[in-house]
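Following this line, the structure appears as structure tokens:
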């Protein structure tokens, strides 16, 4: 084990085309630089909490604070596992798994983003598949959830292509306007029906005790 005191740093998920690697400080800074280069048209935001509205010069500090906070607050009752997405060792985006009371509920939520230069290349679906593999195969989940604004066509396209079930919608304030978020769920039996055999997990077993599993 390379990181006995924080084995999460050893967690990876590999597919034939991408790698998910748990975010350390170096990856956190790389993600901040990528986000500062652009994720979406600034006239619109796909995020409920519009963190990309921050000044680009603040991204580095706030990215570090976010990832430090997620590590500091990690506990069986609530956790956020954040991963950098790499293609040929280049950081192209980020994906996260979040859960409350997972030991009992066995449900996790995913969220992700890609740098603009890497969108439209099929990476989004591949990173979602890898995230689902971590949650279901690695952590023993029984359900995965996700959500997206109704005008976030790429995210909704990935979700629907994987066969998620609609799970209601929510009216929220996005910036200063009304936004509609569509929610989705994937029960474990459906994931089993689309489970891939070409995704490899590394380091997950050492993390299970930290998550109460």
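In the numbering used here, the protein residues as written are 34 to 246.
Yeah, the Cβ is synthetic: ideal placement off N, Cα and C, and Gly gets one too.
Could you tell me how far apart the beta carbons of residue i and residue j are, in whole angstroms, since I believe they sit closer than 8 Å?
i           : j           : result
residue 132 : residue 60  : Residue 132 to residue 60, Cβ: 21 Å. No contact.
residue 120 : residue 63  : Actually they do not touch by this definition, with Cβ atoms about 13 Å apart.
residue 160 : residue 145 : 6 Å
residue 186 : residue 200 : The pair is not a contact, with the Cβ atoms about 19 Å apart (cut-off 8 Å).
residue 237 : residue 44  : 6 Å
residue 139 : residue 173 : 7 Å
Can you tell me which residues form a DSSP beta bridge with residue i?
i           : result
residue 216 : 180
residue 234 : 46
residue 137 : Answer by DSSP bridge pairing: none, since residue 137 is not bridged.
residue 89  : Bridge partners of residue 89: none, in fact.
residue 124 : 119
residue 205 : 212
residue 55  : 116
residue 142 : 131, 178
Which of helix, strand or coil does DSSP assign to residue i?
i           : result
residue 107 : coil
residue 70  : coil
residue 253 : Residue 253 is absent from the model: the chain starts at 34 and stops at 246.
residue 37  : coil
residue 155 : coil
residue 190 : helix
residue 245 : coil
residue 130 : strand
residue 168 : helix
residue 195 : coil
Going by beta carbon distance, what residues of the same chain come within less than 6 Å of residue i, once the five residues before and after it are set aside?
i           : result
residue 29  : No answer is possible for residue 29: the residues shown for the chain start at 34 and end at 246.
residue 231 : 49
residue 203 : 214
residue 219 : 177, 197
- Message: Could you check whether the stretch 162-169 touches the stretch 197-211, counting it as contact only if at least three pairs of C-beta atoms, one from each stretch, sit closer than 8 Å?
- Response: Flag = no, the stretch 162-169 and the stretch 197-211 do not touch.
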